[in-house]
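**Q** If you scroll down you'll find the structure; I have some questions about it.
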DNA sequence: TTAACGTTCAACCAAACGGTTGAATATATT
DNA sequence: AATATATTCAACCGTTTGGTTGAACGTTAA
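Next up, the structure:
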């Protein structure tokens, strides 16, 4: 089974609260980098780097118009991540021995 | 901005392919650390560290019996992560609908 | 008691992360 | 042409990450 690096990138990008906040900030549509950075108490450069991480994960798209870079949200990676998580949860839910395993552990814990 | 650090931990833990493989490896029930490590081409210590990261995220539980540590999968963090992702997707779905609608109205106005 | 086993601890390393500051680049404005 | 604005690039810093090796610790077996 090959390693889906895009999932690595997606989950890594989402694991940071600043980056999750940036995504929410984009809900009203495109925003320039400076606009994205405004509500945060860190440097513009720091936000620029966070945007790079989001871009690597394809969670945002960049549209350059003159000196302005417009950043916008892309939904595909989150869809894919949701799909993976659901598949994994189903995988676990369908393990036939799950109940048996729980009982075994309980039994051992109550020993 | 509330900071759910548990989500950070969950997503960070899941962002690594080795750790995702470890979780799958646990599908047949509990396993000792050495058993968990066996299929991997890295040192036992490396796997021990990965298990620590999974433990911090509460994705695995440890049960010590003598010198053996039995590692088992816990489903709660994945459930919580799925919930967050679904909420976020819903948030975006409604937002994108609204934007689309606005564009449609604008278009109609410019007729 | 001694030896083997299962696991972690400690030290180390290189690379990545998350942040900073200052300079460079490209575009707009006057 | 000169200046201001938007953004990135480059260098640096301290911490974390993912890996190694070797020693230590606790448990089981001879």
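Protein chains in written order, with this note's numbering: chain P, 1 to 111; chain W, 112 to 222. Think of the CB as a built atom: it goes at the ideal place given N, C-alpha and C, for glycine as much as any other residue.
Closest Cβ-Cβ distance between residue 215 (chain W) and chain P: below 8 Å?
**A** So, not an interface residue.
**Q** Which residues bound the alpha helix (DSSP H) around residue 135 (chain W)?
**A** Element bounds for residue 135 (chain W): 128-136.
**Q** Mind pulling the chain P residues with CB within less than 7 Å of residue 170 (chain W)?
**A** Per Cβ cutoff of 7 Å: no residues; residue 170 (chain W) is ~11 Å from chain P at best.
**Q** Measure the alpha-carbon distance for residue 7 (chain P) versus residue 117 (chain W) and round it to whole angstroms.
**A** About 19 Å.
**Q** Tell me which same chain residues have a C-beta within less than 7 Å of the C-beta of residue 20 (chain P), skipping the five on either side of it?
**A** Counting only Cβ-Cβ distances below 7 Å, and skipping sequence neighbours, we find 14.
**Q** From this set, W:149, W:187 and W:120, which residue's C-alpha is nearest residue 133 (chain W)'s C-alpha?
**A** With distances taken between Cα atoms, residue 133 (chain W) lies closest to W:149.
**Q** Do you know whose CA, among W:171, W:213, W:156 and W:175, lies nearest residue 121 (chain W)'s CA?
**A** Cα-wise, what sits closest to residue 121 (chain W) is W:171.
**Q** On the three-pair Cβ rule with 8 Å, is the segment 148-163 of chain W touching the segment 53-72 of chain P?
**A** No, because fewer than three Cβ pairs between the segment 148-163 of chain W and the segment 53-72 of chain P fall closer than 8 Å, the two stretches do not touch.
**Q** Looking at the C-beta of residue 119 (chain W), does it have a partner C-beta in chain P at a distance below 8 Å?
**A** Yes, contact with chain P.
**Q** Are residue 85 (chain P) and residue 26 (chain P) closer than 8 Å when you measure CB to CB?
**A** Against a cut-off of 8 Å, the Cβ pair of residue 26 (chain P) and residue 85 (chain P) comes out as no contact.
**Q** By the 9 Å beta-carbon criterion, what residues does the segment 163-187 of chain W contribute toward chain P?
**A** Those residues of the segment 163-187 of chain W that come within reach of chain P (Cβ to Cβ, closer than 9 Å) are 172, 174, 176, 181, 183, 184 and 186.
**Q** Assuming residue 169 (chain W) and residue 141 (chain W) are in contact, meaning their beta carbons sit under 8 Å apart, how far apart are those beta carbons, in whole angstroms?
**A** With 8 Å as the limit, residue 169 (chain W) and residue 141 (chain W) do not qualify as a contact, their Cβ atoms being about 16 Å apart.
**Q** Is residue 74 (chain P) helix, strand or coil by DSSP?
**A** Looking at residue 74 (chain P) - three-state DSSP - the assignment turns out to be coil, as it is neither helix nor strand.
**Q** Taking 8 Å as the CB-CB cut-off, is residue 150 (chain W) touching chain P?
**A** Residue 150 (chain W) does not count as touching chain P.
**Q** For the beta strand (DSSP E) containing residue 160 (chain W), name the first residue and the last one.
**A** No beta strand (DSSP E) contains residue 160 (chain W), which is instead part of the alpha helix (DSSP H) from 155-167.
**Q** Rounded to whole angstroms, what is the Cα-Cα separation between residue 185 (chain W) and residue 201 (chain W)?
**A** Distance between the alpha carbons of residue 185 (chain W) and residue 201 (chain W) is about 26 Å.
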